[in-house]
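Residues in the sequence shown are numbered consecutively from 1, following the UniProt record's numbering.
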Amino acid sequence: MMSFLLLLLVTSDVLAATFPDICEDYTPCSCQQYDAYGLIVRCGDPFDHKSPITSLDVHHVFNRTKARHVFWVDLFSLSPEVNSGDVIKIPVDVLSEKSVDRLGISCSTSAGPLIMEIHPDAFRSSVHQMGHFEINGCDFSRLDFKFLADTMSLISLGIGPGLNFRGFPTMSFLARVTSLRIYNYLEFRHWNQIADRFPLLESLFLDGTQLGDRSINKLVHSIASSSTGRHSLTQLSLWENKLNRVPEHISSFKNLSYVNLFGNTIRFLAKGSFAFNPNIKVTFLILTRNALERIEPGAFQGDFSEAIIYLDYNHLTRFDSPVYQKLLEQMQSLSSAAGIHVRNNPFECGDCHLAWLIRDKPHLLKRVFGGRCSNGTQFEDLKPEGYHDCL
Ligand SMILES: *[C@@H]1O[C@H](CO)[C@@H](O)[C@H](O)[C@H]1NC(C)=O
Ligand SMILES: *[C@@H]1O[C@H](CO)[C@@H](O)[C@H](O)[C@H]1NC(C)=O
Ligand SMILES: *[C@@H]1O[C@H](CO)[C@@H](O)[C@H](O)[C@H]1NC(C)=O
1 MMSFLLLLLV TSDVLAATFP DICEDYTPCS CQQYDAYGLI VRCGDPFDHK SPITSLDVHH
61 VFNRTKARHV FWVDLFSLSP EVNSGDVIKI PVDVLSEKSV DRLGISCSTS AGPLIMEIHP
121 DAFRSSVHQM GHFEINGCDF SRLDFKFLAD TMSLISLGIG PGLNFRGFPT MSFLARVTSL
181 RIYNYLEFRH WNQIADRFPL LESLFLDGTQ LGDRSINKLV HSIASSSTGR HSLTQLSLWE
241 NKLNRVPEHI SSFKNLSYVN LFGNTIRFLA KGSFAFNPNI KVTFLILTRN ALERIEPGAF
301 QGDFSEAIIY LDYNHLTRFD SPVYQKLLEQ MQSLSSAAGI HVRNNPFECG DCHLAWLIRD
361 KPHLLKRVFG GRCSNGTQFE DLKPEGYHDC L
C-alpha cells in the first residue's frame, strides 16, 4: 500500500496533464476538472438506482458554486419536486448564471417516463456557448424547444428513448445543427421533418429506431435530393432499423465517408450499393451483424485506401476477387489501419474461388482480418499448394 502511494506521489506530476484536478464542492453532484476541456459536473445517477435529484437540488448547487463556466453538465434521472405531481419542471436559470458548453438531461424512469417541462429561460445564460444538447428517458409531450430558441452555437442535438415526441419545431436555430442523433427511440416517427428542418446536417445517427426500409428510403432520398444536405452529409448511421436492403440513395451524397448499417437484416449487396464520391476517402463502412449472403462485383466503389470495412457476423461463404481485390490493393499503404473485417462468416475454402488470394496474391491477406473457413481453418493457415490445380 505504501509503495503504491509513493508511486502515486512520484508520478502525479507526470499525470497532472491527464488526471482531473481538484474542483470545488458540487455535492450532491460530482465534478472533475480537465485541463483540456474545463469542468465536468454530473448530478444524479446515470443508472437510475440511487436517490434521485430534483432541479431545485441542481439550482442550489450552481447557486452556491463559483465557477462561471462549466464545459459539460449531465443531469441524470431527474425527479419531480415534492409538489409537482408527475411533472419534472426545470425553472428559470436552473444553473444560476453559469454557462455550459454541453448539456445532457435525463428523466428518472423508475416510475415510467415522466413529463419534462423546461422553462424557456431555463438556460438563458448559456445561449452563446451551448453547442450540444441531449435529452432522454422523458415523456416529451411538453418539450417545445423554446429554451433553445436563442442559442447561437448549438450544432449538436441528441434525443434518446422516451415517449410522445411531438416533432421538431420550425425554429431557425435548427438550421445551424450539423449533428443529429436519435437513439433507441422506438416511437420516433418524425423522420420526414429532418431534411427540411436540418438543411446543413453533417452527421445523422438514427440508431435503434426500427423504422424499416420504406421510411428510411424516403428519409435518405429527402436528404440526398436537398440542395444542401446532399453536399453536407458526411456520416450516416442507421443501426437496427429493420433494413432488408441498402437505402437506394446512399451513392448520391457528395461528401459521405462514414456509413453504419450495423444490426439490420440485409442479405444482398448489389453492384453500386456503396458508390462513394471518388474524391472522398471512405473512413468506415459497417455492415456487422446483418444477414449478408452475397455481394455483387462493384458493390463497393470509391477511395477505400484508408477505409475500415466491417462485414463480420454475416453469412458470407465466398471471398471473390471481383468484389475485394481492388479494395485490398487500395489498402496497401503501410501507415493506414485500412482493412476488411470478416470474422464469423462461414467461408467455403474447399473450392477454387480463394486461389486468387491464397495462392496468387498472399500479400493482400494482411488487410483481411478474421477470415476463417467453415471448417475452422484461418485464411492465414491455408496452404497455397492446396490451390495448385485451380485455374
Ligand atoms: C441563491 O443564493 C442567494 C445568495 O446566497 C440566496 O439569497 C438565494 O435564495 C439562493 N437561491 C436559491 C434558489 O438557492
Ligand atoms: C465535406 O466534408 C468536409 C469534412 O468532412 C468539410 O470540411 C467540407 O466542407 C464538406 N464539403 C461540403 C461541400 O460540405
Ligand atoms: C479446411 O478446408 C481447407 C480447404 O479445403 C483445408 O485446406 C484445411 O485443411 C481444412 N481444415 C480442416 C481442419 O479440416
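Glycine residues also receive a C-beta, built at the ideal position from the N, C-alpha and C atoms.
In this text, all values refer to a predicted model and were calculated from it rather than measured experimentally.
Which residues in the same chain as residue i place their Cβ atom closer than 6 Å to its Cβ, once the five residues preceding and following it in sequence are excluded?
i: Gly371; result: Val342, Phe379
i: Ile118; result: Ile90, Phe147
i: Tyr313; result: Thr288, Arg289, Asn344
i: Ala17; result: Confidence at Ala17 is low in this model, with a pLDDT of 47, below 50, so its placement is unreliable and the value that follows should be read with caution. Cβ neighbours of Ala17 beyond the five flanking positions: none.
i: Ser12; result: Caution applies to Ser12, whose pLDDT of 39 falls short of 50 and renders its modelled position unreliable; the model cannot decide the point.
i: Arg181; result: Gly158, Phe205
i: Ser126; result: Ser99, Val100
i: Ser226; result: Ala195
i: Ile309; result: Leu285, Ile340
i: Arg267; result: Ala291, Glu293
What does a CB cutoff of less than 7 Å around residue i pick up in its chain, not counting 5 residues either side in sequence?
i: Leu365; result: Leu357, Phe379, Glu380
i: Ser252; result: Ala224, Arg230
i: Cys31; result: Cys23, Leu39, Ile40, Val41
i: Phe188; result: Phe165, Ile182, Thr209
Mind reading off the beta-carbon distance from residue i to residue j? Whole number of angstroms is fine, and I expect it under 8 Å.
i: Pro247; j: Lys271; result: Pro247 to Lys271, Cβ: 16 Å. No contact.
i: Ser237; j: Asn260; result: 4 Å
i: Leu285; j: His315; result: So it is not a contact: roughly 18 Å between Cβ atoms.
i: Val73; j: Val41; result: 5 Å
i: Pro199; j: Thr234; result: Wrong, their Cβ atoms sit about 15 Å apart, outside the cutoff.
i: Val94; j: Ser55; result: 5 Å
i: Phe76; j: Cys43; result: 7 Å
i: Tyr26; j: Thr65; result: 6 Å
i: Cys352; j: Leu382; result: With a Cβ gap of about 12 Å, Cys352 and Leu382 do not count as contacting.
i: His69; j: Ser96; result: So it is not a contact: roughly 12 Å between Cβ atoms.
i: Phe347; j: Ser321; result: About 14 Å; that fails the 8 Å criterion.
i: Asp213; j: Trp239; result: 15 Å between Cβ atoms; not a contact.
Is the beta carbon of residue i within less than 7 Å of some heavy atom of ligand 1?
i: Asn63; result: yes
i: His60; result: yes
Taking Cβ to Cβ, would you say residue i is nearer than 8 Å to residue j?
i: Leu243; j: Ile280; result: no
i: residue 478; j: Cys29; result: Nothing can be reported for residue 478, as the shown portion of the chain is limited to 1 through 391.
i: Tyr387; j: Arg359; result: yes
i: Pro161; j: Gly137; result: yes
i: Ser156; j: Val177; result: yes
i: Leu143; j: Met171; result: no
i: Ser106; j: Ile88; result: no
i: Phe369; j: Leu327; result: no
i: His282; j: Ile250; result: Correcting the residue type first, residue 282 is Val in the shown sequence and not His. Their beta carbons are not under 8 Å apart, which means Val282 does not touch Ile250 by this criterion.
i: Ser141; j: Ser179; result: no
i: Asn241; j: Leu211; result: yes
i: Ala355; j: Ser305; result: no
i: Pro113; j: Asp139; result: yes
Comparing the CB of residue i with every heavy atom of ligand 3, is any distance shorter than 7 Å?
i: Thr377; result: yes
i: Tyr373; result: Residue identity check: residue 373 is Cys in the sequence provided, not Tyr. Yes; taking the cut-off as 7 Å, the Cβ of Cys373 has a heavy atom of ligand 3 nearer than that.
i: Leu316; result: no
i: Cys349; result: yes
i: Leu357; result: no
i: Leu382; result: yes
i: Gly112; result: no
i: Gly298; result: no
i: Gly160; result: no
i: Gly386; result: yes
Going by beta carbon distance, what residues of the same chain come within less than 8 Å of residue i, once the five residues before and after it are set aside?
i: Gln193; result: Gly167, Phe168
i: Gly329; result: Residue 329 is actually Glu in this sequence, not Gly. Leu364, listed in sequence order.
i: Gly131; result: Asp101, Arg102, Ser153, Leu154, Ile155, Ser156
i: Asp303; result: Phe276, Pro278, Asn279, Ile280, Lys281, Val282, Gln330
Hey, is residue i close to ligand 5, as in C-beta under 7 Å from one of its heavy atoms?
i: Lys361; result: With respect to small molecules bound, the structure shown includes ligand 1, ligand 2 and ligand 3 and not ligand 5.
Does residue i come within less than 8 Å of chain C when only Cβ atoms are used?
i: Val92; result: Of the chains in the structure shown, none is chain C; there is only one protein chain.
* **beta strand (DSSP E) runs contained entirely in the region 28-66, provided each spans 3 or more residues** => 30-34, 38-43
* Asked: Where in the region 275-311 do unbroken runs of the beta strand (DSSP E), each at least 3 residues long, occur, reported from the N-terminal end onward?
  -> Along the length of the region 275-311, whole beta strand (DSSP E) runs at least 3 residues long occupy 284-286, 308-310, reported in chain order.
* Completely contained alpha helix (DSSP H) runs for the region 112-141, where each covers 4 or more residues -> For the alpha helix (DSSP H) assignment, the region 112-141 encloses no uninterrupted run of at least 4 residues.
* To do: Can you check the region 170-223 for any beta strand (DSSP E) of at least 3 residues that lies completely inside it and give the ranges in chain order?
  => 179-183, 203-207
* **Complete alpha helix (DSSP H) runs within the region 220-249 (minimum length 4 residues, chain order)** => 229-232
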